[in-house]
Amino acid sequence: LQEEASSAIASADDLDQLRELKVKYLGKKGELTAVLRGMGSLSPEERPVIGGLANEIRGKLESLIAEKEEALEEAALETRLQEEKIDITLPGVPRVAGSIHPLNLIIEQIEDIFVGMGFEVAEGTEVEVDYYNFEALNIPKDHPARDMQDSFYITPEILLRTHTSPVQVRTLEAKEGYVPVRIICPGKVYRRDDDDATHSHQFTQIEGLVVDRGVSMSELNGVLLSFIEKIFGEGTEMRLRPSYFPFTEPSVEVDIYHPEKGWVEILGAGMVHPRVLEKAGYNPERYTGFAFGMGVERIAMLKYDIDDIRHFYNNDLRFLRQFRSV
Ligand code: PHE
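Okay, so the sequence shown: first residue is 8 according to the UniProt record's numbering, each after it adds one.
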């Protein structure tokens with residue numbers, strides 16, 4: 008029995024087989040157990056001899072099984088490690104990475120430029136009350152300037168903001184009369200326009216506002232020129248044309264010289280109107296400021312030679328992918 012069991016254990020080639028053998032020889036109904044059970048029918052002299060022998064065999068088989076078990080487990084681990092080995096020389100599956108939307112790209116560039124000049128980035132709300140969008144900016148109810156910006160009204164007092172200028176007022180109020188105020192604010196604006204290659208009922212602006220003691224038109228000129236040179240390249244020419252906005256006085260329109268298109272307007276600006284400062288709680292005798300507002304799409308279109316504003320909103324991957332490496 009011992010020999011038969013030993014060779015069976017030695018030739019077991021997996022853990023299941025070994026477990027079966029354990030049951031077969033050492034289990035409750037196993038062969039060795041049967042021998043021990045049968046001891047009752049032996050003579051008193053035979054019993055200790057047979058019993059001792061049986062126990063000895065049991066011990067041997069048990070240690071044989073344990074040894075084999077260890078060897079098989081080790082082998083199993085080894086084959087698993089081999090099977091699960093990763094072949095690092097296999098070519099990978101390329102993952103398609105998205106890219107930053109050109110509008111966000113240009114907003115980030117513009118933010119970086121102004122942050123470099125000491126501006127902070129502020130935020131406003133797209134749904135605005137009439138007071139901030141118009142009233143506080145010196146555009147009363149019957150003012151013809153309201154026609155310049157056809158609006159989407161939600162209620163008679165609430166509308167989608169037509170420009171980012173309400174953030175000027177919100178920022179001044181939040182600063183509670185303290186200076187300096189130096190912010191830019193990017194955001195979406197809405198106007199009732201028929202969409203075409205150059206118009207969109209929703210577009211993006213970046214507002215700028217500086218209020219402090221002794222802020223002058225020449226500082227506005229300097230800030231805008233260094234911004235324009237950083238965005239469109241060193242040496243880009245800029246000109247200011249007199250214009251009109253109810254919330255700035257004097258007001259200007261700012262053009263850059265584009266090698267193919269000639270002079271093109273890129274933003275509106277001016278010295279903050281004393282009435283705007285006053286309404287927001289700043290003494291216009293003591294403080295002055297300038298403000299500007301630019302169309303982000305317009306700037307991106309000029310910089311990247313994009314011919315249709317609708318490209319920004321159509322999510323055509325052929326368009327978007329071109330900005331991957333920018
Ligand atoms: N809010 C003006 C517009 O949308 C732009 C502007 C901003 C002009 C700030 C002057 C000062 O047209």
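Beta carbons are placed, not taken as given, at the ideal position from N, Cα and C, and that holds for glycine.
Proximity of G300 and H206 at Cβ, strictly below 8 Å: With contacts defined as CB atoms closer than 8 Å, G300 and H206 fail to qualify as a contacting pair.
Which parts of the region 140-173 are runs of the beta strand (DSSP E), unbroken and 3 residues or longer, counting only runs that do not cross its ends? Annotation: the region 140-173 contains the following complete segments of the beta strand (DSSP E) (minimum length 3 residues), in chain order: 165-167.
If we ignore side chains and look at the alpha-carbon of each, how far apart do E236 and G242 end up? CA-CA distance, E236 to G242, rounds to 6 Å.
So what does DSSP say about Y185, is it helix, strand or coil? The answer is coil: DSSP assigns Y185 none of H, G, I, E or B.
Can you tell me whether K35 is buried or exposed? The criterion is at least 16 other CB atoms within 10 Å of its CB, across all chains shown. Classification for K35: exposed.
Determine contact between the region 99-112 and the region 141-160, defined as no fewer than three beta-carbon pairs at a distance below 8 Å. Judged by pairs of C-beta atoms under 8 Å, the region 99-112 does not touch the region 141-160, as fewer than three such pairs exist.
Exposure label - R168; buried when at least 16 CB within 10 Å: Here R168 is buried, its C-beta having at least 16 other C-beta atoms within 10 Å.
Assuming G288 contacts E183 (C-beta within less than 8 Å), just tell me the rounded distance between them. Contact between G288 and E183 holds, since their C-beta atoms are separated by about 7 Å, short of 8 Å.
Just to confirm the assignment, what range does the beta strand (DSSP E) spanning M124 have? The continuous stretches of beta strand (DSSP E) do not include M124, and DSSP gives it neither H nor E.
Output yes or no for whether 8 Å exceeds the beta carbon distance between residue 405 and V271. Residue 405 is absent from the structure shown; the chain starts at 8 and stops at 333.
Specify the secondary structure class of I93 as computed by DSSP and reduced to three states. I93 carries a coil assignment under DSSP once its states are collapsed to helix, strand and coil.
Rounded to whole angstroms, what is the Cα-Cα separation between E260 and E285? In a straight line, the C-alpha of E260 is about 24 Å away from that of E285.
Sequence-distant residues of the same chain with beta carbon closer than 8 Å to L33, five excluded per side: Only L39, T40, R65, L68, E69, I72 meet the Cβ criterion.
With a cut-off of 8 Å on the beta carbons, I'd call H108 and L327 a contact; round off their distance for me. A Cβ-Cβ separation of about 7 Å places H108 in contact with L327 under the 8 Å criterion.
First and last residue of the uninterrupted alpha helix (DSSP H) at S18: Taken as a continuous stretch (DSSP letters only), the alpha helix (DSSP H) holding S18 covers 9-18.
Can you find a heavy atom of the ligand PHE that lies under 7 Å from the Cβ of Q212? Correct: Q212 has its Cβ closer than 7 Å to the ligand PHE.
Here's the rule: buried if 16 or more other CB atoms are within 10 angstroms of the residue's CB, otherwise exposed. What is I161? I161 comes out exposed.
Taking Q212 and V303 to be in contact with their CB atoms under 8 Å, please state how far apart those CB atoms are, rounded to whole angstroms. The Cβ separation is near 6 Å, so the contact holds.
Measure from the alpha carbon of G59 to the alpha carbon of each residue in L324, S48, L43, then state which is nearest. Nearest C-alpha to G59: L43.
Could you spell out the range, first to last residue, of the beta strand (DSSP E) harbouring F297? For F297, the enclosing beta strand (DSSP E) begins and ends at 295-302.
What do you get for T96, buried or exposed, if any count of 16 or more other CB atoms within 10 angstroms of its CB means buried? By the neighbour-count criterion, in which a residue is buried when 16 or more other Cβ atoms sit within 10 angstroms of its Cβ, T96 is exposed.
Suppose you measure from the CA of E63 to the CA of K92; what does that come to, to the nearest Å? Near 44 Å, if we compare the C-alpha coordinates of K92 and E63.
As a quick exercise: from N322, E292, L227, V218, pick the residue whose alpha carbon is nearest that of L274. Here the closest residue by C-alpha is L227.
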